[in-house]
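Okay, structure first, notes after.
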Amino acid sequence: MIKVLAIYPAFDWRLNEMAMVWQQLCQSGQVKCTVFASRKDRLKGHVAALEHERGKNLEVFRLDAPLTSQAAIDRMLASADRERPDLIFCATSLNMHAARQVRQRFSVPILLHDEFLSDEQLPLPRRQYLGVEALRPLAIWLRARRVMAGTDGMACSNPKEFDRKFRHPLGGQVFYLPWPHPAPPDARPVPERDPALGIYIGSISKPKGAANLERHVSALLAADPHIRVRIIGPATDRLGEDALRALREAWPDRVSYLKSCSRSDAMQQLASAYFVFSSGVSSNWGLIGDAWNAGTPVLSPSAHYDLEDGENCLVCREAEDFVEAVKCLRDDGMLWRRLSLGGRRTVRELHSVAGVAERLLAGLHGTLGQRAREQ
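The numbers in the numbering used here rise by one with no breaks, and the one at position 68 of the sequence shown is 891.
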């Protein structure tokens, strides 16, 4: 059994996809994991009620203090002293300071997991590329090298960074860990599809494509008087707040809004919609996977992630493309069914919890083996 100390921005096996993967690994008896996470899930706009939870071979501590604060690090060190982990799993490079403190004390390897490592769409502070777009690729490459220099292994979940054999240009230290898309949590009756309803679920912000959400939805509602759009999720920055306010004020009778809902309700909402708009050019993976599981066609401004235009999504780079794509979906039943089946096939073959758990376990063993060879 591999003993792991994991550091996560948020961790709840009822809400967070990777938490479901860890729960399955721990229940299988192959891994024992102690998790330190923030109580506040900024991405989902949720604050956990429980500060401490236990499952089979899985213990979760949720902290109010920042994970990189000395108070949080002291708790991690005390836990590591008791449990003697074989490996530190660090979710996102933002938490690497805490992971390095534990490694320094106990001499165990760090496996870092980031969704992106060297993708050309990776957001960067302007100072890192001097505001010169031509320097962005070099700046992204140098950042990736810096990130990897502090780790013993690297898991990346962006399939666009790997070749067909899942090899990364930065070498064998980086392995592909697909993002999990769990099947719907219950077997509630499937609601009837509403051919006039589109939906967006998730946080609303600049990284999540708030500008696209406002622009594309406004164009669609102006072009088709019968369409309605439902938005579920919190606005988490100024651009998100502005986009949400503009849509609700311009279309008060045709844009409905909920700040949050349960995962079960979200899946019901997705299953009742005729299409999903994933507004980010490299984000919204959770929404995409849930839409695929619900059999609801995805429309996106770019073919990022595992999106394939005409197979499991329609790419709508401009607002007028979005208007035309919705019209095609409503007029062409065969196209709608092809996209629905393509999405279900993608999530089943590439993103099941069981499949991701197998890859994660292989990555844990690989990182431990690499550390042993280096010693």
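Backbone N, C-alpha and C define an ideal beta-carbon position, used for all residues, glycine too.
Residues in its own chain within less than 8 Å of residue i by CB, not counting five upstream and five downstream?
i, result
"L934", "L910, I911, F912, C913, T974, D975, G976, M977, A978, G1186, L1187, T1190"
"A1066", "I1027, A1033, A1034, L1036, E1037, A1058"
"I830", "V858, F859, A860, L890, M899, I911, F912, C913, A914, N918, A921, A922"
"D1047", "V1146, V1149, K1150"
"F884", "T857, V858, F859, A860, E874, H875, R898, S902"
"L961", "Y952"
In the DSSP output, what is residue i paired with across the bridge?
i, result
"S1123", "V1138"
"E1201", "There is no way to answer for residue 1201, as the model of the chain reaches only from 824 to 1198."
"G976", "L934"
"S861", "L886"
"A829", "V858, F912"
"Y1023", "I1054"
"D1132", "C1136"
"D942", "According to DSSP, which records beta bridges pairwise, D942 is partnered with nothing at all."
"L965", "None; L965 has no bridge partner."
"D904", "None, per the DSSP bridge assignment."
"V997", "M977"
"G878", "L881"
"H870", "Residue identity differs from the one stated: residue 870 is Val in this sequence, not His. Answer by DSSP bridge pairing, in chain order: K863."
Check whether the Cβ atoms of residue i and residue j lie closer than 7 Å to each other.
i, j, result
"Q1153", "P1018", "The sequence shown places Arg at residue 1153, not Gln. Yes, the pair counts as a contact, with Cβ atoms nearer than the cut-off."
"G1166", "W1108", "no"
"A1180", "L848", "yes"
"P1005", "V854", "no"
"V1052", "G1103", "no"
"C1084", "I1111", "no"
"C1139", "P1124", "yes"
"S980", "E938", "yes"
"P1014", "A1094", "yes"
"K1031", "S1106", "yes"
"I896", "Q924", "yes"
"Y999", "F1100", "no"
"R1016", "Y1097", "yes"
Go through its chain and collect everything with a Cβ distance to residue i's Cβ below 6 Å, but skip five positions before and after it.
i, result
"A957", "none"
"C856", "V827, A829, W845, C849, L881"
"G1118", "S1163, R1167"
"D1155", "none"
"K1082", "P1057"
"C1136", "V1121, S1123, L1130"
"V1078", "V1052, L1070, R1071"
So, for residue i: in the same chain, excluding its five sequence neighbours on each side, which residues have a beta-carbon less than 7 Å away from its beta-carbon?
i, result
"L1173", "P1001, D1129"
"M971", "M977, L993, Q996"
"R950", "none"
"A842", "F834, D835, W836"
"H991", "C979, E984, F985, V997"
"V931", "P908, D909, L910, I911"
Are at least three pairs of beta-carbons, each pair with one atom in the region 1057-1066 and one in the region 1122-1132, less than 8 Å apart?
-> no
Continuous alpha helix (DSSP H) assignments of at least 4 residues falling wholly in the region 1059-1095 | 1061-1073, 1086-1095
Counting Cβ pairs closer than 8 Å, one from the region 1043-1058 and one from the region 878-891, do we hit at least three?
-> no
Runs of alpha helix (DSSP H) lying entirely within the region 1150-1194, each at least 4 residues, in chain order = 1156-1173
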